[in-house]
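Just below is one structure, and these are the notes that go with it.
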Amino acid sequence: MLADKLEWDAWSDDLSVGIHGIDHDHKGILDLIARLHEAYDAPHAEDAVRIAVARIARYADQHFQREERMLELAAYPWLPQHRARHDTFRAYVAEITTGTAPLPVVGELLSWLVDWWVGHIGTEDKQYRDHVQGCAKAVASVG
Ligand SMILES: [Fe+2]
Ligand SMILES: [Fe+2]
Numbered sequence: 427m428l429a430d431k432l433e434w435d436a437w438s439d440d441l442s443v444g445i446h447g448i449d450h451d452h453k454g455i456l457d458l459i460a461r462l463h464e465a466y467d468a469p470h471a472e473d474a475v476r477i478a479v480a481r482i483a484r485y486a487d488q489h490f491q492r493e494e495r496m497l498e499l500a501a502y503p504w505l506p507q508h509r510a511r512h513d514t515f516r517a518y519v520a521e522i523t524t525g526t527a528p529l530p531v532v533g534e535l536l537s538w539l540v541d542w543w544v545g546h547i548g549t550e551d552k553q554y555r556d557h558v559q560g561c562a563k564a565v566a567s568v569g
C-alpha cells in the first residue's frame with residue numbers, strides 16, 4: 427500500500443540538515459503524513475481526514491515557528507523568501523481544514539504533502555544549513 431511504502435521511503439538521511447532539533451521535527455511531520463491514510467479508512471472519513479490534516483497543520487506550524495525563529499537568530503538573509511514558502515503550505519492545509527476546498531482523494535493529498543515536504547527540506551531547508559551551523563545561538567534555540 428502506498429502509505430506503507432511512504433513510511434519506508436519518506437525520510438532518508440539525505441534529508442538531514444545537520445541540526446538535530448530540525449531533523450527531529452522533519453521526521454515527525456513525515457510520520458504524521460505517512461499515517462494519514464488511516465483517516466481515509468475511518469467510518470466518517472471526511473471528518474477524520476480534516477481532523478488529521480488539522481493535526482499536521484498544527485505540528486507544521488509549530489515547526490515553522492521554531493525554524494523561522496532560528497533563522498532570525500542566525501540573521502539568515504533569505505528568511506522572507508523562506509517564510510513565504512512556509513506560507514504556501516499553511517494556505518494549502520487551511521483550505522482543507524476549514525472545508526473551503528473539496529477533500530482530495532487520498533493519493534492526491536499524500537502526494538502533495540510528501541512532495542512539498544521532501545522538496546522543501548531537500549532544497550530550501552538545506553540551503554540554510556551552513557549559515558545556521560555558523561551560529562551556535564541559533565542551533566541551540568531548536569535543541
Ligand atoms: Fe523551512
Ligand atoms: Fe523545516
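Residues 427 to 569 in the working numbering are what the sequence shown spells out, letter by letter. For glycine and all other residues, C-beta sits at the position ideal for the given N, C-alpha and C. In this text, all values refer to a predicted model and were calculated from it rather than measured experimentally.
Exposed or buried, what is residue i when buried is set at 16 or more other beta-carbons lying within 10 Å of its beta-carbon?
i: D440; result: exposed
i: H470; result: exposed
i: A501; result: exposed
i: V531; result: exposed
Just to confirm, does residue i get its C-beta within under 7 Å of one of the non-hydrogen atoms of ligand 3?
i: H508; result: The model depicted lacks ligand 3 and carries ligand 1 and ligand 2 instead.
Using the Cα positions of residue i and residue j, report the straight-line distance between them to the nearest angstrom.
i: I477; j: R555; result: 33 Å
i: K552; j: L536; result: 22 Å
Sorted by chain position, which residues of the same chain lie with C-beta nearer than 8 Å to residue i's C-beta, five sequence neighbours on each side aside?
i: R516; result: A483, A486, D487 and F490
Under the three-state reduction of DSSP, which class applies to residue i: helix, strand or coil?
i: W542; result: helix
i: V565; result: helix
i: I445; result: coil
Apart from the five residues just before and just after residue i, which ones in its own chain have a Cβ nearer than 6 Å to its Cβ?
i: E493; result: none
i: E521; result: A527
(Q) Threshold first: 4 residues or longer. Then list the alpha helix (DSSP H) segments lying entirely within the stretch 455-530, N to C. (A) 463-466, 471-499 and 505-523
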